[in-house]
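Note sheet for the following structure.
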Amino acid sequence: MITIAIANQKGGVGKTTTAVNIATAMAAAGWRTLLIDLDPQGNASTGLGCAVSQREASTYDLLVGEASFEDCLFGTQIPNLDLIPATVDLSGAEIELVGAQDRTDILAKALAEAKQHDICFIDCPPSLGLLTLNALSAADRLLVPLQCEFFALEGLSQLLQTVEQVKRRFNPRLAIVGVVLTMFDRRNRLTEQVAEDVRECLGELVFKTVIPRNVRLSEAPSHGMPALVYDHQCVGSRAYIALAGELIGRISEARAGA
Numbered sequence: 165m166i167t168i169a170i171a172n173q174k175g176g177v178g179k180t181t182t183a184v185n186i187a188t189a190m191a192a193a194g195w196r197t198l199l200i201d202l203d204p205q206g207n208a209s210t211g212l213g214c215a216v217s218q219r220e221a222s223t224y225d226l227l228v229g230e231a232s233f234e235d236c237l238f239g240t241q242i243p244n245l246d247l248i249p250a251t252v253d254l255s256g257a258e259i260e261l262v263g264a265q266d267r268t269d270i271l272a273k274a275l276a277e278a279k280q281h282d283i284c285f286i287d288c289p290p291s292l293g294l295l296t297l298n299a300l301s302a303a304d305r306l307l308v309p310l311q312c313e314f315f316a317l318e319g320l321s322q323l324l325q326t327v328e329q330v331k332r333r334f335n336p337r338l339a340i341v342g343v344v345l346t347m348f349d350r351r352n353r354l355t356e357q358v359a360e361d362v363r364e365c366l367g368e369l370v371f372k373t374v375i376p377r378n379v380r381l382s383e384a385p386s387h388g389m390p391a392l393v394y395d396h397q398c399v400g401s402r403a404y405i406a407l408a409g410e411l412i413g414r415i416s417e418a419r420a421g422a
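Heads up, the numbering used here is the position in the sequence shown plus 164, with the first residue counted as 1.
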């Protein structure tokens with residue numbers, strides 16, 4: 165199983181939207197997919213139709229050792245896509261785990277039980293705290309959603325520094341699979357300029373596919389479903405399908421070069 169953390173310490177960059185829809189697209193492509201909701205807000209869980217009342221065992225229970233990996237699995241309405249949901253209890257996990265031995269490796273050890281999936285996505289909280297460190301320590305790859313706004317690159321530099329520290333101290337196999345530009349608006353000249361700057365700075369790390377601003381992407385979570393199910397023909401859904409194709413290509417290249 166390849167594990168991909170989806171992270172950016174900035175909020176509102178389309179991180180959870182990307183996690184839900186890229187996981188759905190990969191499942192639709194035939195990959196046995198797992199999405200781990202590691203954000204206390206639990207928006208990815210809601211976006212996949214998992215109501216709060218259905219979250220009997222969550223990522224909190226997994227991290228504090230009160231439930232096994234199998235106990236936490238929730239089967240979504242999408243074939244090939246399982247979820248480990250989050251609850252608000254997760255907000256206290258960082259404090260509870262501070263004194264734990266190997267506190268950055270707890271998620272990695274829990275995922276050692278995962279045998280039935282081909283790929284796992286981890287939706288991280290908008291911070292670089294202990295939860296995100298657990299995700300980066302457990303992951304093979306990092307996917308970074310980057311909003312096309314003026315301060316985009318400034319926040320990215322901090323995240324890249326954290327990645328290098330994690331590689332040195334906890335997880336030498338961690339690598340960035342790519343940066344995806346989100347909330348792209350071709351009518352806005354600043355958006356185009358930011359995209360050019362990011363591509364000039366990061367080169368081939370940036371996916372060719374961009375995720376546009378799209379009303380259907382925003383509406384879908386309120387209906388408890390990914391945009392790819394809510395409206396698979398909208399421009400946002402088509403963008404995530406294209407992104408999944410690019411991601412599969414990059415995974416294949418990495419395996420061929422290994």
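Note that beta-carbon positions come from the ideal geometry of N, C-alpha and C, so glycine has one too.
DSSP-derived helix/strand/coil call for residue i
i	result
residue 385	helix
residue 353	helix
residue 397	coil
residue 334	coil
residue 280	coil
residue 326	helix
residue 246	strand
residue 188	helix
residue 256	helix
residue 340	strand
residue 239	strand
residue 370	strand
Whole-angstrom distance between residue j and residue i, CA atom to CA atom
i	j	result
residue 387	residue 215	11 Å
residue 230	residue 217	18 Å
residue 200	residue 273	14 Å
residue 392	residue 167	22 Å
residue 398	residue 359	22 Å
residue 298	residue 349	33 Å
residue 248	residue 282	15 Å
residue 374	residue 383	19 Å
residue 277	residue 222	16 Å
residue 210	residue 252	12 Å
residue 368	residue 212	31 Å
residue 312	residue 396	24 Å
residue 366	residue 333	24 Å
residue 239	residue 320	34 Å
residue 187	residue 389	12 Å
residue 327	residue 340	9 Å
residue 411	residue 318	25 Å
residue 361	residue 234	44 Å
residue 403	residue 262	39 Å
residue 292	residue 300	10 Å
Supposed close pair residue i, residue j - CB separation, criterion 8 Å
i	j	result
residue 344	residue 309	5 Å
residue 287	residue 179	7 Å
residue 203	residue 250	6 Å
residue 237	residue 271	At roughly 15 Å, the Cβ-Cβ gap does not stay under 8 Å, so residue 237 and residue 271 are not in contact.
residue 191	residue 254	With 8 Å as the limit, residue 191 and residue 254 do not qualify as a contact, their Cβ atoms being about 24 Å apart.
residue 284	residue 275	7 Å
Exposure of residue i, with buried meaning 16 or more beta-carbon neighbours within 10 Å
i	result
residue 219	buried
residue 337	exposed
residue 315	exposed
residue 174	buried
residue 342	buried
residue 171	buried
residue 354	exposed
Runs of alpha helix (DSSP H) lying entirely within the segment 272-322, each at least 4 residues, in chain order: 294-302
Segments assigned beta strand (DSSP E), at least 3 residues, entirely inside the segment 165-233: 166-170 and 197-201
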